[in-house]
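Notes to accompany the following structure.
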Amino acid sequence: MVADNVLSPIGKTTAGNFDQLKKSVSGVKEQNKPTVSPKPFFASLFNKDDINIEAGRTQFEQLLIDSISDALKNSYIDPKDKKTILIISSTKGNIGLLETEEYTLELEKRIALSTSGRLVAEHFGFVNTPIIISNACISGVVGIIAGMRLLRTGQYENAIVTGGDVISSFILSGFESFQALSPKVCRPFDKSRNGLNLGEGAATIILSTNKKYAKNIKVLGGSVSNDANHISGPSRTGKELSLAIDQSLKEAGLSANEIDFISAHGTATPYNDEMEAKAISLSGLQSSPVNSLKGYYGHTLGAAGLIESIISIQSLKEGVLLPTPGYKESGVTQSVNVVANIQPMTAKNFLKTASGFGGCNAAIIFGK
Amino acid sequence: MPAENQIISSCVIEQGTVFKDGSMLFENKGADLAEFLLSIYQHFQLNYPRFYKMDNLSKLGWLASEVLLKDTYEKDQYQPEEMGLVLANRNSSLDNDIKYLESAKEIASPSLFVYTLPNIVIGEICIRNNFKGEHGFYIQDSFDAGFIAGQVDYLLNNNILKACICGWVEVLGQDYKAALYLVEKNQTDKSVPFSIKNINSIFETF
Chain A
222 MVADNVLSPI GKTTAGNFDQ LKKSVSGVKE QNKPTVSPKP FFASLFNKDD
272 INIEAGRTQF EQLLIDSISD ALKNSYIDPK DKKTILIISS TKGNIGLLET
322 EEYTLELEKR IALSTSGRLV AEHFGFVNTP IIISNACISG VVGIIAGMRL
372 LRTGQYENAI VTGGDVISSF ILSGFESFQA LSPKVCRPFD KSRNGLNLGE
422 GAATIILSTN KKYAKNIKVL GGSVSNDANH ISGPSRTGKE LSLAIDQSLK
472 EAGLSANEID FISAHGTATP YNDEMEAKAI SLSGLQSSPV NSLKGYYGHT
522 LGAAGLIESI ISIQSLKEGV LLPTPGYKES GVTQSVNVVA NIQPMTAKNF
572 LKTASGFGGC NAAIIFGK
Chain B
18 MPAENQIISS CVIEQGTVFK DGSMLFENKG ADLAEFLLSI YQHFQLNYPR
68 FYKMDNLSKL GWLASEVLLK DTYEKDQYQP EEMGLVLANR NSSLDNDIKY
118 LESAKEIASP SLFVYTLPNI VIGEICIRNN FKGEHGFYIQ DSFDAGFIAG
168 QVDYLLNNNI LKACICGWVE VLGQDYKAAL YLVEKNQTDK SVPFSIKNIN
218 SIFETF
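Line by line, the protein sequences give chains A and B. So for the first sequence, our numbering puts the first residue at 222; every next one is plus one. So for the second sequence, our numbering puts the first residue at 18; every next one is plus one.
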């Protein structure tokens, strides 16, 4: 790990975001945006003047560019080096254009994620064609895993993994049709949880195999699995997420008791949190402290895995375990150790999990 | 250097034709895409009611996987977590995104919304075959055999998977193409090396 950035409605840098979280500042609030929804809804969204969108770019592309710029500023990585690869994760990219523009062949090309990829790559002068991942809500974690593997094979020396999503009426109406949205701020793992909040954001993590970073925090292992059960509902047993966790532990060479905390997906839908609690328990991690950051950021889709990994890395560095906003009383059938209050910690390794539509699950382990 | 992985079988569906391992098994030219997909389903006497719920991208990918695996892959040959998928396309789920947005002007339909993700086709193939291993969906301007090969080789050579289905599944309006490959470590009498040259030459079957 060389450098990182979190760009969200509550901060423009990782440090800026972490300071806000320590003060319990959340981006989730009631929004009145008729272009997104005719009625008010709870979400974490950027204000118009938060981002300066340059001509020829969409908000999605501007977010990626701003996030990568800040991460690069804190590193000596050269995007123009042919040993550097750019990886972009997004669930829906520029889909919002479908609502505001007339459908033409030109728009079709504009919406394609490879167009955004090219635009971002050209801005920084990347010589390699970027790798683009669109694998629902695990895209961000898959991006980091893909980066880790490309570096392990020696094909590249540096990987810049970025991701982002913007909330449009397309996305909001879809989650609403599933009755998956909470009418208030979401409450992960809580007894009274009743759905998720959506959120906007982007994040970037830079990985390198260069020896000068050998003492930094590392990606120790990662894995992806599929429920093979249902397209829109998670596994009933949690067995498949648990498989991904176990495989990640194996790859990291760690046992369950060496995981000092877990940054869960914790969307606050009844089924997701129950499934995750079962998976955590199946993998023997029931005593590890667990948090979900969704009460701060909402569900930031393709950025979620990146934002939550980076914030957790910051937790590891500062020795501060963040709570799960909205959590009071356990509402899952397995006993898991959900963190309710901010606390100091001495930690070495943590696990990040994510799950999404299509039955996908991902797990990744970071450590000192 | 581990021994080169092997393409055990391939399936290409394009321009009203279905090819398996280089031989044309079915042809139905002139039909629109939805009719063509249904005619493949009927021709191969498939019986899977979920098929009718899928969007065209999932139907195409699912049909290609059925033809690919038929008489080639024995069900439960490997453990569920030893089977995985690496797929790519150009336009993500845009074909169904347009249909969803059109429907949402009246009432947003959850059954259409769920197909507004490209990786749903992976989920459908996993559900059908009880595959639970590694998978990923990538967006590429055009088919990048080198990248796909790199991903699959990593998964097989590091013993993360025993077999992997990989390739391209693209649908937008009436334009479509599927090219799937079943890749394993061991050579069979019909297998060909999983080389970029072979991947591309199968991709250009038609």
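Ideal Cβ positions, reconstructed from N, Cα and C, are used throughout, including at glycine.
Excluding the 5 residues preceding and the 5 following isoleucine 316 (chain A) in the sequence, name in chain order all residues of the same chain whose CB lies nearer than 8 Å to its CB.
Ile332, Ser389, Phe391 and Ile392
Is the CB-CB distance between aspartate 158 (chain B) and serine 355 (chain A) below 9 Å?
no
Over what stretch of residues does the beta strand (DSSP E) that includes glycine 577 (chain A) continue unbroken?
Element bounds for glycine 577 (chain A): 570-577.
Alpha carbon to alpha carbon, how far is valine 169 (chain B) from asparagine 379 (chain A)? Give it in angstroms, no decimals.
21 Å
Measure how close the beta-carbons of phenylalanine 263 (chain A) and glutamate 251 (chain A) come, nearest whole angstrom, since I'm counting them as under 8 Å.
6 Å
Specify the secondary structure class of threonine 235 (chain A) as computed by DSSP and reduced to three states.
helix
Give the DSSP-derived three-state secondary structure of tyrosine 548 (chain A) in the structure shown.
coil
Using Cβ-Cβ distances below 8 Å, what residues of the region 446-469 of chain A are close to chain B?
Per Cβ criterion, the list reads Ser446, Asn447, Asp448, Ala449, Asn450, His451, Ile452, Ser453, Glu461, Leu464 and Gln468.
Which residues in chain B sit within 7 Å of arginine 370 (chain A), going by Cβ to Cβ distance?
Tyr171
Proline 2 (chain B): contacting residues in chain A (beta-carbon distance under 7 Å):
Because chain B is modelled from 18 through 223, residue 2 (chain B) falls outside the range shown and cannot be assessed.
Going by other Cβ atoms of all chains shown within 10 Å of its Cβ, with 16 needed for buried, is glutamine 564 (chain A) buried or exposed?
Under this definition glutamine 564 (chain A) is an exposed residue.
Return the residues of the region 396-416 of chain A that lie within a Cβ-Cβ distance of less than 7 Å from chain B, sorted by chain order.
Glu397, Ser398 and Phe399
Residues of its chain near asparagine 215 (chain B), where Cβ-Cβ distance is below 8 Å and the 5 sequence neighbours each way are ignored
Ile24 and Val209
So, tyrosine 517 (chain A) versus serine 265 (chain A), is the Cβ gap smaller than 9 Å?
yes
Cutting at 8 Å between CB atoms, please list the residues of its own chain near alanine 473 (chain A), excluding the five before and the five after it.
Leu441, Gly442, Asn570, Ile586 and Gly588
Kindly identify the DSSP beta-bridge partner or partners of alanine 48 (chain B).
In DSSP, alanine 48 (chain B) forms no bridge with anything.
Taking CB distances under 9 Å as the criterion, tell me whether asparagine 113 (chain B) reaches chain A.
The C-beta of asparagine 113 (chain B) comes no closer than 9 Å to any C-beta of chain A.
Partners in chain A for glutamate 98 (chain B), counting only beta-carbon separations shorter than 7 Å:
Ser446 and Leu464
Please specify which runs of the alpha helix (DSSP H), each continuous and at least 4 residues long, are wholly inside the region 100-180 of chain B, giving them in chain order.
111-121, 127-130, 137-146 and 162-174, all fully within the region 100-180 of chain B.
Would you please state the rounded distance, in angstroms, between the beta carbons of threonine 490 (chain A) and leucine 417 (chain A)? I believe it to be under 8 Å.
6 Å
Against chain A, does tyrosine 155 (chain B) count as a neighbour if the rule is that its beta carbon must be under 9 Å from one of theirs?
Yes - at least one Cβ of chain A is within 9 Å of the one on tyrosine 155 (chain B).
Does alanine 524 (chain A) come out as helix, strand or coil in the three-state DSSP assignment?
helix
So, are the CB atoms of threonine 458 (chain A) and leucine 506 (chain A) less than 9 Å apart?
no
Residues, ordered as in the chain, of the region 306-326 of chain A that lie near chain B by beta-carbon distance below 8 Å:
Thr312, Lys313, Gly314, Ile316, Leu319, Glu320 and Tyr324
Nearest by alpha-carbon distance to glutamate 529 (chain A): which of A:Ile365, A:Lys330 and A:Ser413 is it?
Among A:Ile365, A:Lys330 and A:Ser413, the Cα nearest to that of glutamate 529 (chain A) is on A:Ile365.
Under the three-state DSSP convention, the category isoleucine 286 (chain A) falls into:
DSSP places isoleucine 286 (chain A) within a helical segment (H, G or I) once states are collapsed to three.
Chain B residues whose Cβ lies nearer than 9 Å to that of leucine 503 (chain A)
Simply none; closest approach about 14 Å.
Scan the region 557-588 of chain A for residues whose Cβ lies nearer than 9 Å to a Cβ of chain B and list them as they occur along the chain.
Gly577, Phe578, Gly579, Gly580 and Cys581
Using DSSP with H/G/I as helix, E/B as strand and the rest coil, what is tyrosine 193 (chain B)?
strand
Does serine 355 (chain A) have its Cβ less than 9 Å from a Cβ in chain B?
yes
Out of A:Val560, A:Ala224 and A:Thr521, which has the shortest C-alpha to C-alpha gap to serine 311 (chain A)?
With distances taken between Cα atoms, serine 311 (chain A) lies closest to A:Thr521.
Straight-line CA distance for lysine 433 (chain A) to serine 513 (chain A)?
33 Å
Per the contact definition of three or more C-beta pairs closer than 8 Å, is the region 483-502 of chain A in contact with the region 40-56 of chain B?
no
Let's see if you can read the secondary structure: which residues bound the beta strand (DSSP E) around leucine 441 (chain A)?
For leucine 441 (chain A), the enclosing beta strand (DSSP E) begins and ends at 439-447.
In chain A, which residues lie with their C-beta within 8 Å of the C-beta of proline 127 (chain B)?
Gly395, Ser398, Phe399 and Ser453
Going by C-alpha to C-alpha distance, which of A:Ala524, A:Ala568, A:Ala401 and A:Gly385 sits closest to aspartate 481 (chain A)?
A:Ala568
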